[in-house]
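> Under our numbering, the first residue of the sequence shown carries the number 146, and numbering increases by one thereafter. Every residue, glycine too, gets a C-beta built ideally from N, C-alpha and C. Below you'll find the structure I mean.
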Amino acid sequence: MRIFRGLVLFVGFIVALSSCAIFHFFQPGAQNNIQQLADKKGWILLGQPIENAAYSAGDFSFDVSPDGVPYLLTRNTNFVAALYRFDGTWSAVSSFSGYIVQNRPILHFVNGCPTVAMKFDNNKGEIYDFCQNPPTLSSSTPFGSNFSLFDFNKDHSENIYTVFDTNTGMYGLIISKLSNSYGWVAPAGYGFSFFSMPIVYIKLDFSADNHPYVLWVTNNYHNLTYQMNDNTWTTTSFGFSGYYFHYGISPDNKMFLIYQNTTNTLYYDIFDLSASVAPTLYTQPFFSSNGCIMDSSPFSVAVSKTIPSAAYILVHYMNGVDITHSILKLNEDGSVVVTPNIPEMNNSGEAKLYAASDGSIYLLFNFGWTVYVYKWIE
């Protein structure tokens with residue numbers, strides 16, 4: 146069986162190469178120099194797929210505990226937030242059913258506990274501590290209400306932040322920090338941003354020196370709002386992009402910007418955030434597609450928690466009604482690896498990539514109500 150799986154992944158790898166052309170523009174001798182992965186390595190399925198776990202495409206989140214145990218959070222077919230743990234097999238840990246969970250819940254480990262942000266059918270957003278069973282509120286007040294999109298993350302000091310849009314007559318971006326003494330407060334120096342178009346994409350991350358960075362998109366205009374120092378905020382607009390725009394931050398404070406224009410060429414830039422340089426676009430191409438398109442989810446790019454770091458990128462291409470997915474690995478020097486194809490992933494629902502604190506990369510996707518979890522092994 147192991148030999149057969151290795152053969153399948155190798156064949157999938159060859160198919161991926163015939164579908165998408167790689168161009169390494171930075172060292173002429175390295176063009177089309179694609180690194181092949183050793184046998185018995187690559188994308189490894191963790192246990193068996195989890196059935197009846199996700200209500201719809203992308204209804205899941207993921208994190209790894211401080212002691213290296215993978216956890217999966219889903220919004221299941223009963224609109225309940227359900228938490229699973231992997232200890233050789235996937236087993237249910239706890240669930241929350243106090244309200245109907247509307248949006249996709251988000252999982253992060255905070256102070257060693259699985260902590261979950263959810264939006265309910267009463268249009269309020271809450272944070273729950275899943276160390277308890279049943280889960281308990283992390284705050285006495287909601288982090289927001291009457292919003293459409295949100296993200297939740299923690300900084301490197303285990304402080305909880307949320308970011309969400311407003312849709313109460315004026316469109317806006319609200320960033321909040323959970324304070325033990327005062328509940329939800331705006332971070333120092335942050336003033337609410339209001340604009341004329343609704344937000345269609347939000348992603349929150351933190352630099353190595355604990356400054357929040359929020360990528361948000363309105364009508365295909367891509368903007369990055371961030372804290373340059375403890376009290377100064379700024380917004381950089383990258384203008385119009387025909388397709389998608391993602392980012393991630395490495396442990397040594399480098400930001401990977403990954404984006405795609407209307408010609409279906411993928412670009413990247415890397416910035417040293419410690420140098421207080423405002424991110425901007427230099428249009429460095431690293432991947433030339435033959436019908437390939439970068440995925441749209443905020444989880445389409447994951448930057449490894451290793452030094453040197455690498456960005457893992459989800460792309461797909463259409464062949465009639467069929468969809469084939471691939472994952473690229475972009476190294477800091479601009480070299481690219483096309484990782485082996487996963488046959489089970491083709492024609493699946495929304496896929497997501499996650500970077501664990503131990504340096505591991507995980508891939509999740511669903512077929513109907515069933516969720517698959519893979520780990521990248523080099």
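Is the CB-CB distance between F205 and L509 below 7 Å?
Yes, these two residues count as a Cβ contact at 7 Å.
> Rounding to the nearest angstrom, what Cα-Cα distance links S434 and N406 in this structure?
In a straight line, the C-alpha of S434 is about 11 Å away from that of N406.
> My output table needs one value for P215: the three-state DSSP class, helix, strand or coil.
Strand.
> Would you say G393 and F383 are within 7 Å of each other, going by their C-beta atoms?
No, these two residues do not count as a Cβ contact at 7 Å.
> Helix, strand or coil: which one does DSSP assign to P259?
P259 falls in the strand class under three-state DSSP.
> Would you decide whether G257 is buried or exposed? Buried here means 16 or more other CB atoms lie within 10 Å of its CB.
Flag for G257 reads exposed.
> Quick one: grab the DSSP three-state call for M342.
Of the three classes helix, strand and coil, the one that applies to M342 here is coil, per DSSP.
> State yes or no: is the C-beta of F288 within less than 7 Å of the C-beta of W235?
Cβ atoms of F288 and W235: not closer than 7 Å.
> Going by CA-CA distance only, name the one from K474, G436 and V482 that's closest to H461.
Residue G436 is the option with its Cα nearest to H461.
> Taking F510 as part of the beta strand (DSSP E), name the residues at either end of that continuous run.
Element bounds for F510: I506 to F512.
> Identify whether E477 lies in helix, strand or coil by the three-state DSSP scheme.
The answer is coil: DSSP assigns E477 none of H, G, I, E or B.
> Confirm, please, whether the CB-CB distance from I344 to D310 is below 7 Å.
The answer is yes: Cβ separation under 7 Å.
> Skipping 5 residues on each side, what residues in its chain have a beta carbon closer than 6 Å to that of F224?
Around F224: I245 and V246.
> Quick test of your reading: L459 and A496, contact by CB under 8 Å. State the CB separation rounded to the nearest angstrom.
6 Å between Cβ atoms; contact.
> How many Å lie between N511 and L218 at the Cα?
Computed Cα separation, rounded: 13 Å.
> Assign A447 to buried or exposed, taking buried as 16 or more other Cβ atoms, counted over all protein chains shown, within 10 Å of its Cβ.
Label assigned to A447: buried.
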